[in-house]
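Q: Chains as they are written, first to last, in our numbering: chain A, 1 to 519; chain B, 520 to 677.
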């Protein structure tokens, strides 16, 4: 119940203290005042008494009558307020009381009763200051006592009233408040009578605040639910996306990584706890290009896309990844989103398609398209090379006599012979029908002559062939026209024409021979 | 207490004195009309060595402070009985105080007994006779009554 910090206790203590202080000051001031007043009054009284006895005293002084003087002095000191007295004639002390000491007394002049101008003596009267002081003290204390008698009941009354009117309702309010949960429908119960006083107004204010809080809480709750829902959807979109995605902080820390990306990277043997792009760089065939690519993306704040080849350390197979880096600014910080795509399958298919487009399906040699690509590349790079155009002799009769199968088998046989004769860096191509084309880089005239002879020998090798009538050997010859780049022509078409011209000159004259193009 | 008694006595006496004075002034009119206008003089024995006595010395003598002449010889002070018109005139003109105050003075002095009353006489003649026959006597009479046997030492200025 008793609480030294409570308002009522403090108020009471303070009031009591102030009253005490006030009483002390009041007593001091009042005492001083009363004392001075009493002293003045006593002094007046003493003077009056002095005046009263002055005629008798004058006579005593005049006659220097000690008996009369003693009587006067005795008469004076019989007064309470007079401590001591003495009567002095011109030269001699006529009478004095026991306590008379001299200083601090009031002096009344005595004159000759018959010659008023003649000064004949003095009455010394010392007021009894002790009694005066006592009186003053009593009066002052009485005043303070009266004051306390008035003030104390007022303090008690005030304390009680303040307790009932303020402290108790405040305590009640506090207890109610402690029970209330903001955002709930709970409200303070407001006393009908307290509706218009200060505490009632505070309670009304609190209820209004609670109303607002509830509305705000409700809004907040709805918003939060919305956010949660949205987040769930976004998370779903991100996590369940089949597109492998990473969210990377500026410094390379991977913040988010979805399941598809995890599967992809783990499958590739990449440590997903490593920083990006260093984790990928370990297995990239061109790590420098990969690092430059991501650096540029960060610097230029642009969307960048590129394809990189990796070696899977687990299976030692090639993996192709398409990497898209997207820079995003959020709350003043840069992030980049990394979209990965495994394009190995597509890359392989493209390679196969390329191969298929460039190769002859029967012989497996480059076809005309494939050869042209290669030769154009050589020409673009200003390489020197020689081109040999080979046309088989007497191929048509074999086709006619033994059928297409025999023709095809012979073409295959020639192709294999050519391939065996030529090096791996050389071009060997089925130019079309029974026409072949070979090319070699940086070759001298003598080497070329030797090569042409070797090719003729290889083509002339007979091919055993089985047919319905029995086994036989098929043999073909070839006419070879040779042209040099860049001596004979500056473009491919011109060069092939030159070789063709040379080849036809052989076909018309000797057959199964070769010649160099000459204008 | 004693003072109160004193003052009440004084008060009573003052009241009585008032009655007396009224009665006296009435009788004065009847008996001493001529004397009343005569100036009073203070007389001593003709052999008295004092030629002049001051007013102050006279007051001291008649009020009982001293009983000696200025030259130091003892004085026998003579006065009229209380109530005598000459006494009233003499004392009031000598001291300048009303008679009742003088009476009050005496009534107070009487208690202590330090001062002694002058010897009281009934008539001018008795005073004259006593002064003439006693060398240390001093008295007062109207100026017209002065004889050769006495010496005037003080005259009231008219």
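Beta carbons: idealized from backbone N, C-alpha and C, even for Gly.
Between residue 56 of chain A and chain B, is the shortest Cβ-Cβ distance under 7 Å, so that the two count as touching?
A: So yes, residue 56 of chain A belongs to the interface.
Q: Are any of the Cβ atoms in chain B nearer than 7 Å to that of residue 65 of chain A?
A: Closer than 7 Å to some Cβ of chain B, the Cβ of residue 65 of chain A qualifies, so yes.
Q: Can a CB atom of chain A be found closer than 7 Å to the CB of residue 587 of chain B?
A: Taking Cβ atoms only, chain A never reaches closer than 7 Å to residue 587 of chain B, which makes this a no.
Q: Against chain A, does residue 627 of chain B count as a neighbour if the rule is that its beta carbon must be under 7 Å from one of theirs?
A: Residue 627 of chain B counts as touching chain A.
Q: So, residue 90 of chain A versus residue 121 of chain A, is the Cβ gap smaller than 7 Å?
A: Their beta carbons are under 7 Å apart, which means residue 90 of chain A touches residue 121 of chain A by this criterion.
Q: Can you grab the Cα-Cα spacing for the pair residue 675 of chain B / residue 623 of chain B, in whole Å?
A: Whole-angstrom Cα-Cα distance: 24 Å.
Q: Within the continuous beta strand (DSSP E) that includes residue 485 of chain A, where are the two ends?
A: Note, residue 485 of chain A: beta strand (DSSP E), 477-485.
Q: Of all the residues that make up the region 562-587 of chain B, which are near chain A by a beta-carbon distance shorter than 8 Å?
A: The residues in question are 575, 578, 582, 583 and 584.
Q: Is the CB of residue 114 of chain A under 7 Å away from at least one CB in chain B?
A: Yes, residue 114 of chain A counts as interfacial toward chain B.
Q: Along chain B, which residues have their Cβ under 8 Å away from the Cβ of residue 59 of chain A?
A: Within 8 Å Cβ-Cβ: 624, 627 and 628.
Q: Is residue 606 of chain B close to chain A? Criterion is C-beta to C-beta, closer than 7 Å.
A: No, residue 606 of chain B lies away from the interface with chain A (no Cβ there is under 7 Å from its Cβ).
Q: I need the DSSP call for residue 446 of chain A, collapsed to helix, strand or coil.
A: Here residue 446 of chain A sits in helix by DSSP.
Q: Looking at the secondary structure, which residues open and close the beta strand (DSSP E) in which residue 307 of chain A lies?
A: Run containing residue 307 of chain A: 304-311, per the beta strand (DSSP E) assignment.
Q: What number of angstroms, rounded off, separates the C-alpha of residue 206 of chain A from the C-alpha of residue 176 of chain A?
A: Approximately 11 Å between the Cα atoms of the pair.
Q: Looking only at DSSP bridge pairs, what is residue 88 of chain A linked to?
A: For residue 88 of chain A, which the question treats as bridged, DSSP gives the partners A:93 and A:122.
Q: Does the distance from the C-beta atom of residue 125 of chain A to that of residue 82 of chain A stay below 7 Å?
A: Yes, the Cβ-Cβ distance between residue 125 of chain A and residue 82 of chain A is below 7 Å.
Q: Going along the chain, which residues of its own chain have a beta-carbon closer than 6 Å to the beta-carbon of residue 385 of chain A, five neighbours each way excluded?
A: Around residue 385 of chain A: 378, 439, 441 and 485.
Q: For residue 616 of chain B, name the three-state secondary structure that DSSP assigns.
A: DSSP places residue 616 of chain B in coil when its eight states are reduced to three.
Q: Tell me, to the nearest whole angstrom, how far the beta carbon of residue 225 of chain A is from that of residue 245 of chain A; I am working on the premise that it is less than 8 Å.
A: The pair is not a contact, with the Cβ atoms about 27 Å apart (cut-off 8 Å).
Q: Using a C-beta to C-beta distance shorter than 7 Å, which residues of chain B count as neighbours of residue 31 of chain A?
A: Within 7 Å Cβ-Cβ: nothing; residue 31 of chain A doesn't reach chain B, min ~32 Å.
Q: Do residue 658 of chain B and residue 572 of chain B have their beta-carbon atoms positioned less than 7 Å apart in this structure?
A: Cβ atoms of residue 572 of chain B and residue 658 of chain B: not closer than 7 Å.
Q: Quick check on the DSSP output: what are the complete beta strand (DSSP E) runs of length 3 or more inside the region 210-288 of chain A, in order along the chain?
A: Listed in chain order, the complete beta strand (DSSP E) runs (minimum 3 residues) inside the region 210-288 of chain A are 245-249 and 254-257.
Q: DSSP on residue 602 of chain B, reduced to helix/strand/coil?
A: DSSP places residue 602 of chain B in coil when its eight states are reduced to three.
Q: Enumerated in chain order, which unbroken segments of the alpha helix (DSSP H) with a length of 4 residues or greater are wholly contained in the region 402-469 of chain A?
A: If we require 4 residues or more, the alpha helix (DSSP H) runs fully inside the region 402-469 of chain A come out as 404-421 and 445-460.
Q: Report yes if the CB atom of residue 404 of chain A is closer than 7 Å to the CB atom of residue 463 of chain A, and no otherwise.
A: Contact flag unset, no.
Q: Could you name the residues that DSSP lists as bridge partners for residue 575 of chain B?
A: For residue 575 of chain B, which the question treats as bridged, DSSP gives no partner whatsoever.
Q: Is the beta carbon of residue 517 of chain A closer than 7 Å to that of residue 478 of chain A?
A: For residue 478 of chain A and residue 517 of chain A, no; Cβs fall outside 7 Å.
Q: Please list the partners that residue 634 of chain B has in chain A, where partner means a Cβ-to-Cβ separation under 7 Å.
A: Residues of chain A passing the Cβ test: 63.
Q: How would you list, in chain order, the residues of chain A whose beta-carbon sits under 9 Å from the beta-carbon of residue 614 of chain B?
A: The contacting residues are 113, 114 and 115.
Q: Determine whether the beta carbon atoms of residue 596 of chain B and residue 580 of chain B lie at a separation below 7 Å.
A: Result yes, Cβ atoms of residue 596 of chain B and residue 580 of chain B sit closer than 7 Å.
Q: Can you name, in chain order, every residue of its own chain whose Cβ lies under 6 Å from the Cβ of residue 573 of chain A, other than the five neighbours on each side?
A: As displayed, chain A neither begins before 1 nor continues past 519, which places residue 573 of chain A out of reach and without an answer.
Q: If contact is defined by three or more beta carbon pairs under 8 Å, each pair taking one atom from either stretch, is the region 277-288 of chain A in contact with the region 307-318 of chain A?
A: Yes: the two stretches touch, three or more of their Cβ pairs being nearer than 8 Å.
Q: Assign residue 335 of chain A to one of three DSSP states: helix, strand, or coil.
A: Note: residue 335 of chain A maps to strand in three-state DSSP.
Q: Does the count of Cβ pairs from the region 563-570 of chain B and the region 664-671 of chain B closer than 8 Å reach three?
A: Yes: at least three Cβ pairs fall under 8 Å.
Q: Against chain D, does residue 374 of chain A count as a neighbour if the rule is that its beta carbon must be under 7 Å from one of theirs?
A: Of the chains in the structure shown, none is chain D; the protein chains are A and B.
Q: With residue 43 of chain A and residue 127 of chain A assumed to form a contact (beta carbons below 8 Å), what rounded beta-carbon distance in angstroms separates them?
A: Contact flag correct, Cβ pair sits at about 6 Å.
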